[in-house]
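Following numbering that gives the first Met the number 0, the residues of the sequence shown are numbered contiguously, the last one being 165. Built from N, CA and C at the ideal position, the CB exists for glycine as well. Okay, structure first, notes after.
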Amino acid sequence: MTALKYLQAYPPALQEQVRQLIERGQLADYLSQRYPGRHAVQSDKALYSYAMALKQEHLRNAPAIDKVLFDNRLDLTHRALGLHTAVSRVQGGKLKAKKEIRIASLFKDAAPQFLQMIVVHELAHFRESDHNKAFYQLCEHMLPGYHQLEFDLRVYLTYRDLPPPT
């Protein structure tokens with residue numbers, strides 16, 4: 000039985016469906032049919048513009064974001080696909096808080112919906128810090144279908160962990 004570490008919180012029936020797709024070698028087909036395209040956001044500058052456009056559309060009153068970048072050090076071993084931080088620094092006797100979003104570099108090659116989902120997730124943390132009901136309602140407001148995208152992203156991560164076909 001295939002261990003589905005990214006899908007452990009989901010019902011056994013859903014996990015079984017994913018296992019069957021894996022056993023039949025159809026998981027890649029499922030993902031490519033649902034998410035056929037790749038996005039053009041490949042640089043930190045483009046990612047910053049992308050995140051700022053989403054912020055402007057949905058969170059105009061949220062604090063300004065100083066930096067958005069792809070981070071090669073974020074990966075699944077650290078259980079982080081994205082990070083939102085507020086770094087406080089002393090500048091000339093004043094305390095300045097810089098808000099940053101870091102997105103795992105694996106999203107450079109992901110479907111545009113997955114990049115949008117992770118950016119929305121990190122932006123939502125500027126309004127709601129915890130993963131509570133209000134947080135997920137905000138994510139769903141910013142990106143209708145958020146929950147399905149999160150599930151499919153977990154399926155994609157499971158696919159990435161599979162050994163190459165022989």
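Just mark residue i as buried or exposed, buried being the case when its beta carbon has 16 or more other beta carbons within 10 Å.
i    : result
A8   : exposed
L137 : buried
L148 : buried
A109 : buried
V17  : buried
A39  : exposed
L3   : buried
Here's a check: name, in chain order, each residue in its chain whose Cβ is nearer than 6 Å to the Cβ of residue i, leaving out the five neighbours to either side.
i    : result
M141 : H57, V119
Y5   : R153, L156, T157
H124 : H83
A133 : E127
L80  : A103, I117
Keeping to the same chain, check which residues put their C-beta closer than 7 Å to that of residue i; ignore five residues upstream and five downstream.
i    : result
L152 : F113, M116
A12  : none
D65  : K97, K98, E99
A61  : K54, F125, R126
R33  : D151
L20  : L26, Y29
P10  : none
Going by the beta-carbon positions, is the gap between residue i and residue j smaller than 7 Å?
i    : j    : result
I100 : E127 : no
K93  : Q41  : no
Residue i and residue j look like a contact to me (Cβ under 8 Å); what is the Cβ gap, rounded to whole Å?
i    : j    : result
S104 : F69  : 5 Å
L46  : V67  : 5 Å
K97  : V86  : 5 Å
G36  : P111 : 6 Å
E139 : H130 : About 13 Å separates the two Cβ atoms, so there is no contact after all.
Measuring CA to CA, which of the options is closest to residue i?
i    : options          : result
R163 : L13, L6, L26, L3 : Note that residue 163 is Pro in the sequence shown, not Arg. The candidate whose alpha carbon is nearest that of P163 is L26.
Q14  : G92, S42, F150   : F150
L73  : S48, N131, I102  : I102
N71  : S48, A63, D43    : D43
Quick one: residues in its chain with C-beta nearer than 8 Å to the C-beta of residue i, no 5 flanking neighbours on either side, listed in chain order?
i   : result
M51 : I64, V67
K95 : S87, R88, V89
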